[in-house]
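J.: My questions will all concern the structure given below.
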Amino acid sequence: MKILIADDDPTSRLIADMAVRNLGHECQSVADGTQAWDAFRANDPDVVISDWMMPGQTGLQLCRNIRDQKSGSYTYFIMVTSNGELGQMAEGMSAGADDYLVKPLNHEDLQGRLISAARVTAMHEKLAHEQVELRGLNTELAAIARRDPLTGLANRRALQEDLEVLEARVTRYGHRYCMAVLDVDHFKAYNDSCGHQAGDQILKTIAGTLSNQVRTGDSVYRYGGEEFLCIFPEQSLATGTQAVERMRIGLEQLAIPHPGSPSGVLTLSAGLAMLQPDDIRSASEVLEEADVALYRAKHLGRNRVEYGISEAT
């Protein structure tokens, strides 16, 4: 272990230093509380053995400062005093000391305290490692909770969270965005004729196609079933339409056979809506408008993009 000894008495400091080194530990010795505080911050020792009374900072002040220091590792603090008054020891423990020794130092007592220190610091290190692992797992679980397990796209939970952020940006900074809802044409017929396993594979393929078509900053979500949703920040209706048309054409050009479709291949229908900076609608209202536009695209023959009512008029 790395051990810091702080004692203003040269003889006591030398005796403690030699004893610690003889026990096989790395040791640094300083002559007052100020030096001890600097050495602690520079070297992050495992154990501090500090005299109670020192110039610069007392051992009590040093202990409190160490306990107030926010660090990833735990430092075992042993207070050393020239008398064994219980009141003084209780005060040291209340300040954050883990143990105490009484001068003159006894080799066996010191060895026992350092064995306890090794156990405690090892336990704290293990707990710190487990906390890091737990934070990592929580981060991973949070990411999983925002992902659709089939396609790997962001899911409706992620969409709801992201829409709240978008709505705040529109309100605060005057941003705008386009939103598109896309639906696979005649998907039920595809499942009925080709099977659900093939249908799942097609949804993965479509998700990959849509993701490859969007630019950096755009977002693609699995909205539900065979529906997908795209958000295009800072896009006009014209550029948003171009992006959705690129997706629609990209899927059609894959020429994936679809026995239940009049065209014979898989296609997409899409509804598009836009939110301007001065628009008083909410994100959910824009989404509803894109949904209505999607149904109109299907009613007009599918494999096409339609705008929301406010954009069309």
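The C-terminal position of the sequence shown is numbered 312 in numbering that gives the first Met the number 0, with every residue numbered one higher than the one before it.
The beta-carbon is built from N, C-alpha and C at its ideal position, and this holds for glycine as well.
Predicted model, so just to flag it, every value in this text is computed and none were measured.
Using DSSP bridges, identify the partner residues of R146.
T.: Indexing the sequence shown from 1 puts residue 146 at position 147. Per DSSP, A153.
J.: Among residues of its own chain, excluding the 5 on either side of G29, which ones have a beta-carbon nearer than 6 Å to its beta-carbon?
T.: Along the sequence shown, one-based indexing puts residue 29 at 30. The identity of residue 29 in the sequence shown is Val, whereas the question assumes Gly. Within the same chain, V29 has close Cβ partners A5, A35, A38.
J.: Distance check for H123 and K1, CA to CA, integer angstroms please.
T.: Here residue 1 refers to the residue found at position 2 of the sequence shown. Here residue 123 refers to the residue found at position 124 of the sequence shown. So the two alpha carbons sit approximately 15 Å from each other.
J.: Taking the beta strand (DSSP E) that Y99 falls in, what are its first and last residues?
T.: In the sequence shown, residue 99 corresponds to position 100, counting from 1. Counting along the chain, the beta strand (DSSP E) containing Y99 begins and ends at 98-101.
J.: For V131, count neighbouring C-beta atoms within 10 Å of its own C-beta (all shown protein chains included) and say buried if the count is 16 or more, exposed if not.
T.: Position 132 of the sequence shown, counted from the first residue, corresponds to residue 131. Residue environment for V131: exposed (fewer than 16 other C-beta atoms within 10 angstroms of its C-beta).
J.: So, with DSSP's three-state summary, where would you put S93?
T.: For the purposes of this step, residue 93 is identified with residue 94 of the sequence shown, where counting begins at 1. If DSSP states are grouped into helix, strand and coil, S93 belongs with the helices.
J.: Strictly by DSSP, which residues pair up with K1?
T.: The residue given as residue 1 occupies position 2 in the sequence shown. BP columns for K1 point to E25.
J.: Consult DSSP for R12 and reduce its assignment to one of helix, strand or coil.
T.: On the sequence shown, position 13 is the one that residue 12 refers to. Residue state for R12 is assigned as helix, using DSSP reduced to three classes.
J.: Who are the near neighbours of R214 in its chain, counting only those whose CB is closer than 8 Å to its CB and skipping five residues on each side?
T.: Position 215 of the sequence shown, counted from the first residue, corresponds to residue 214. Contacts found: A242.
J.: Given that a residue counts as buried once 16 or more other Cβ atoms are within 10 Å of its Cβ, and exposed if not, what is Q196?
T.: Counted from its first residue, the sequence shown places residue 196 at position 197. Burial call: exposed.
J.: Does DSSP classify I255 as helix, strand or coil?
T.: Walking along the sequence shown from the start, residue 255 turns up at place 256. I255 falls in the coil class under three-state DSSP.
J.: Taking just the CA atoms, how far does S115 sit from F76?
T.: Your numbering for residue 76 matches position 77 in the sequence shown. Your numbering for residue 115 matches position 116 in the sequence shown. If you take the alpha carbons of F76 and S115, they lie about 11 Å apart.
J.: Any idea what DSSP makes of M78, helix, strand or coil?
T.: Residue mapping note: residue 78 aligns to position 79 of the sequence shown, counting from 1. M78 falls in the strand class under three-state DSSP.
J.: For E244, collect the residues of the same chain with a Cβ closer than 7 Å to its Cβ; drop the 5 residues on either side in sequence, then sort them by chain order.
T.: Residue mapping note: residue 244 aligns to position 245 of the sequence shown, counting from 1. Excluding positions up to five away in sequence, the list reads V304.
J.: Out of curiosity, what's the CA-to-CA distance linking M92 and E107?
T.: The sequence position of residue 92 within the sequence shown is 93, counting from 1. The sequence position of residue 107 within the sequence shown is 108, counting from 1. Distance between the alpha carbons of M92 and E107: 21 Å.
J.: Does the beta-carbon of M17 have 16 or more other beta-carbons within 10 angstroms, so that it is buried, or is it exposed?
T.: Mapped onto the sequence shown, residue 17 falls at position 18. Exposed, because fewer than 16 other Cβ atoms sit within 10 Å of the Cβ of M17.
J.: Give the DSSP-derived three-state secondary structure of R221 in the structure shown.
T.: If you number the sequence shown from 1, residue 221 lands on position 222. It is a strand residue.
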